[in-house]
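Visitor: Sharing a structure here in structure tokens format.
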Amino acid sequence: MKHTDFNKDFATLLPAEVPTHSNTYVPALDLYLVDGTKQQAIDALLAPGRRRAFFMNAHCCNIRRQDPQYARAVADADMLLPDGIGVELAARMTGLRLTENLNGTDLVPDLMAEAARRGKSVYLFGGRPGVADAAAAALIRKTPHLRIAGTRDGYDGASDTEAVIADINESGADIVLVALGVPLQEMWLHQNAHRLNARVTLAVGALLDFLAGVVVRAPKILRKIKMEWTWRLAQEPRRLAKRYIAGNPTFLAHAGAKAARRIPVSNMVRRGLDVGIAATALVLLMPVFALTALAIKADSRGPVFYRQRRVGQAGKSFSMLKFRSMGADAEAQLASIAGASDREGVCFKSCNDPRVTRVGRFIRRFSIDELPQILNVLRGEMAIVGPRPALPREVALYPERALGRLAVKPGITGVWQVSGRAKIGFDQMVEMDLSYAASRTLLLDLALICMTFRAVVSSDGAY
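Heads up: the sequence shown runs through residues 1 to 463, numbered per UniProt numbering.
The following block contains the structure:
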């Protein structure tokens, strides 16, 4: 497999760089998947060199377990793109949260638009007679400057492999989309991609049918809640019943069993504890959430919640939620007050920060501003107990030793949080977090959770 497992190598990063995407190993699937935004995946596909990319969904994973030839084709691919809610759930079984669902129906049209901007051409191979031509016409309507190098159907047009290869090479195509269905398309590329002159080859399944209008996509609301498979099942129940009704539970059962074998029991218990505490707290604290939201809106203009990019376990960034405690233009004012920090080191903290609102001072004093991070815990991005989640600009300035803080998930509370918070200097905070990462136990986590209540009531170091 031609991938880099960033999760294992994060400590070797240069302090001046925090990565925004990676190829991540998903233990529940025993696969490396592209973990990044759609634009990052497109840039990677069009980077110099040759790329053979497949989309991996629950159906693909089921076939991979049963078909050794298809499994070999998958193992030899350059990029595997996560497609669908099943793969996302399998990743979450081991505490991973993939950045984005990179399904071909959404990604390829944007890839074509970028290809057109770069002057690259595309060849469409697959589908019933006439489908590739209709799909090409649809792409040109959406992206008028896209160059279609050629088309060929996946029936009689695919019967002579030598003729297909010759036609693609003579067309001068830079990108080839192969839509022969899983697993035939992947195995065709596994056997023949090295004979194609095109730099980028993708197995795209039913994409040409969608583009041509032969198959209608699900309404946006179903796509948004990641239930598009139910629409497909309703369209073709006889053909797709086995794939979805039997296949989806089978996929999740196998992924769950594999995840359970790979996760230490203590980690499973810790995650269960996190989810249990976070879910219970979310229900019990709903009145506090409502009152805080009303107070923030009454006190100052701006949104109730504040989202900020933070760096989590293994250097993976995520959007952390807090109640807004500062004015809406707080980030813009930071440069003007950077010299007023009360704390030594890379983390800015000021007792008299002029950006903090009246309500903000109150909710900071009692750590109410941190409560929305319960949602980050439920999403698997944070834990109840762990190091303070760092800002990307802080991690960019970390000495090498401080990168060890990223070995575990950041937490709502932790050693630093119950030991004085803002009174603790950066170097001392790092040592506390490294010690916790090296020796954490469930008993220690429970003790820190209990100590958090005392820290909140005393408000020691909270500002």
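Don't be surprised by glycine CBs; every beta carbon is placed ideally from N, CA and C.
1) Give me the residue from G127, A91, K226 with the minimum Cα distance to V214.
2) Could you give the distance in angstroms between the alpha-carbon of D445 and the alpha-carbon of V385?
3) Just the Cα atoms here: how many angstroms apart are A179 and N248?
4) Tell me which same chain residues have a C-beta within less than 7 Å of the C-beta of C61, skipping the five on either side of it?
5) Measuring alpha carbon to alpha carbon, tell me which residue in L31, S22, V26 is nearest A44.
6) Is the CB-CB distance between R50 and R199 below 8 Å?
7) What runs of the alpha helix (DSSP H), each 4 residues or longer, lie entirely inside the region 7 to 91?
8) What's the C-alpha gap between G302 and R117?
9) To which residues of the same chain is T201 closer than 6 Å at the C-beta, ignoring the five residues directly before and after it?
10) In chain order, which alpha helix (DSSP H) runs of at least 4 residues are fully inside the region 153 to 215?
11) So, are the CB atoms of D433 and P387 less than 8 Å apart?
12) Just curious, the beta strand (DSSP E) that M320 is in, first and last residue?
13) Report buried or exposed for Q185, applying the criterion of at least 16 other Cβ atoms within 10 angstroms of its Cβ.
14) Contact between the region 107 to 121 and the region 158 to 165 is defined here as three or more beta-carbon pairs at a separation below 8 Å; is this criterion met?
15) Ordered along the chain, which non-local residues of its own chain (more than five positions away) have a Cβ less than 7 Å from that of V456?
16) Go ahead and label P237 buried or exposed: buried means 16 or more other beta carbons lie within 10 angstroms of its beta carbon, across all protein chains shown.
17) What would DSSP say about Q417, mapped onto helix, strand or coil?
18) What is the DSSP secondary structure of G425, counted as helix, strand or coil?
19) For A149, name the three-state secondary structure that DSSP assigns.
20) For E228 and A234, what's the separation of their Cα atoms in angstroms?
21) Have a look at R262 and A328 and give me their C-alpha separation to the nearest angstrom.
22) When the Cβ atoms of the region 136 to 147 are set against those of the region 80 to 96, are three or more pairs found closer than 8 Å?
23) Could you tell me the alpha carbon to alpha carbon distance between F305 and Y436, rounded to whole angstroms?
24) Go through the region 232 to 290 residue by residue and report every complete run of the alpha helix (DSSP H) that reaches 4 residues or more, in order.
25) Whole angstroms are fine: how far does the CA of I168 sit from the CA of L196?
26) Once DSSP output is grouped into helix, strand and coil, what is the label at I384?
27) So, helix, strand or coil for V122, using DSSP?
28) A149 to T230, Cα distance in whole Å?
29) Leaving out five residues on either side along the sequence, give the residues of the same chain with a beta carbon under 7 Å from the beta carbon of I363.
30) What does DSSP give as the partner residues of F305 in its beta bridges?
31) What residues in its chain sit with their C-beta under 8 Å from that of V18, if we drop five residues either side in the sequence?
32) Do you know offhand how far K242's Cα is from H59's?
33) Pull up the distance between the alpha-carbon of Y244 and that of I85, whole angstroms please.
34) Looking only at DSSP bridge pairs, what is A293 linked to?
35) If you draw a straight line from the alpha carbon of V182 to that of L378, how long is it in whole angstroms?
Guide: To lay it out plainly:
1) On the sequence shown, residue 214 is found 214 positions in, with the first residue counted as 1. Cα-wise, what sits closest to V214 is G127.
2) By one-based count along the sequence shown, residue 445 stands at place 445. By one-based count along the sequence shown, residue 385 stands at place 385. Near 6 Å, if we compare the C-alpha coordinates of V385 and D445.
3) Translated into positions along the sequence shown, residue 179 becomes position 179. Translated into positions along the sequence shown, residue 248 becomes position 248. Those two C-alpha atoms are separated by around 22 Å.
4) Here residue 61 corresponds to residue number 61 of the sequence shown, with the count starting at 1. The beta carbon of C61 is closer than 7 Å to those of L29, F251 in its chain, skipping five residues each way along the sequence.
5) One-based indexing of the sequence shown puts residue 44 at position 44. Of L31, S22, V26, the residue nearest in Cα terms is S22.
6) Here residue 50 corresponds to residue number 50 of the sequence shown, with the count starting at 1. Here residue 199 corresponds to residue number 199 of the sequence shown, with the count starting at 1. A contact, by the Cβ cut-off of 8 Å.
7) As far as the region 7 to 91 is concerned, its whole alpha helix (DSSP H) runs of at least 4 residues are 38 to 45, 58 to 66, 68 to 75.
8) Reading the sequence shown from its first residue, position 302 is the one you call residue 302. Reading the sequence shown from its first residue, position 117 is the one you call residue 117. Roughly 38 Å separates the two Cα atoms.
9) Counting from 1 along the sequence shown, the entry for residue 201 is found at position 201. Counting only Cβ-Cβ distances below 6 Å, and skipping sequence neighbours, we find R52, V176, L189, A193.
10) 161 to 171, 184 to 192, 207 to 212
11) Your numbering for residue 433 matches position 433 in the sequence shown. Your numbering for residue 387 matches position 387 in the sequence shown. Cβ distance < 8 Å, so D433 and P387 count as in contact.
12) Start at 1 with the first residue of the sequence shown, and residue 320 comes out as number 320. From DSSP, the beta strand (DSSP E) with M320 extends over 317 to 323.
13) Translated into positions along the sequence shown, residue 185 becomes position 185. Buried, because 16 or more other Cβ atoms sit within 10 Å of the Cβ of Q185.
14) By the Cβ criterion, the region 107 to 121 is not in contact with the region 158 to 165, since fewer than three pairs of Cβ atoms, one from each stretch, lie closer than 8 Å.
15) Counting from 1 along the sequence shown, the entry for residue 456 is found at position 456. Closer than 7 Å at the Cβ level, and outside the excluded window around V456, lie F366, S367.
16) One-based indexing of the sequence shown puts residue 237 at position 237. So P237 ends up on the exposed side.
17) Along the sequence shown, read from residue 1 onward, the residue named residue 417 stands at position 417. Residue state, collapsed to three classes: coil.
18) For the purposes of this step, residue 425 is identified with residue 425 of the sequence shown, where counting begins at 1. G425: coil per DSSP, three-state reduction.
19) The sequence position of residue 149 within the sequence shown is 149, counting from 1. In the structure shown, A149 sits in a strand (DSSP, three-state: E or B).
20) Here residue 228 corresponds to residue number 228 of the sequence shown, with the count starting at 1. Here residue 234 corresponds to residue number 234 of the sequence shown, with the count starting at 1. One C-alpha to the other measures close to 10 Å.
21) Position 262 of the sequence shown, counting from 1, holds the residue named residue 262. Position 328 of the sequence shown, counting from 1, holds the residue named residue 328. Computed Cα separation, rounded: 44 Å.
22) Counting Cβ pairs under 8 Å, fewer than three are found: no touch.
23) Stepping through the sequence shown from its first residue, residue 305 is reached at position 305. Stepping through the sequence shown from its first residue, residue 436 is reached at position 436. Distance between the alpha carbons of F305 and Y436: 30 Å.
24) 237 to 241, 247 to 262, 265 to 284
25) Counting from 1 along the sequence shown, the entry for residue 196 is found at position 196. Counting from 1 along the sequence shown, the entry for residue 168 is found at position 168. About 7 Å.
26) Translated into the one-based positions of the sequence shown, residue 384 becomes position 384. Of the three classes helix, strand and coil, the one that applies to I384 here is strand, per DSSP.
27) In the sequence shown, counting from the first residue as 1, residue 122 sits at position 122. The answer is strand: DSSP assigns V122 an E or B state.
28) Within the sequence shown, the letter at position 149 stands for residue 149. Within the sequence shown, the letter at position 230 stands for residue 230. About 35 Å.
29) In the sequence shown, the residue the question calls residue 363 occupies position 363. T292, F323, S325, D369.
30) As a first step, residue 305 must be located in the sequence shown, where it is residue number 305. The partner list for F305 (beta bridge, DSSP) reads F323.
31) Residue mapping note: residue 18 aligns to position 18 of the sequence shown, counting from 1. Because V18 carries a pLDDT of 38, less than 50, the predicted location of this residue cannot be relied on, and no value is offered for it.
32) Translated into positions along the sequence shown, residue 242 becomes position 242. Translated into positions along the sequence shown, residue 59 becomes position 59. Their backbone Cα atoms lie some 10 Å apart in a straight line.
33) On the sequence shown, residue 244 is found 244 positions in, with the first residue counted as 1. On the sequence shown, residue 85 is found 85 positions in, with the first residue counted as 1. Their backbone Cα atoms lie some 12 Å apart in a straight line.
34) Numbered from 1 along the sequence shown, position 293 holds the residue referred to as residue 293. Per DSSP, none; premise fails for A293.
35) By 1-based counting over the sequence shown, the position of residue 182 is 182. By 1-based counting over the sequence shown, the position of residue 378 is 378. Cα to Cα, V182 sits roughly 34 Å from L378.
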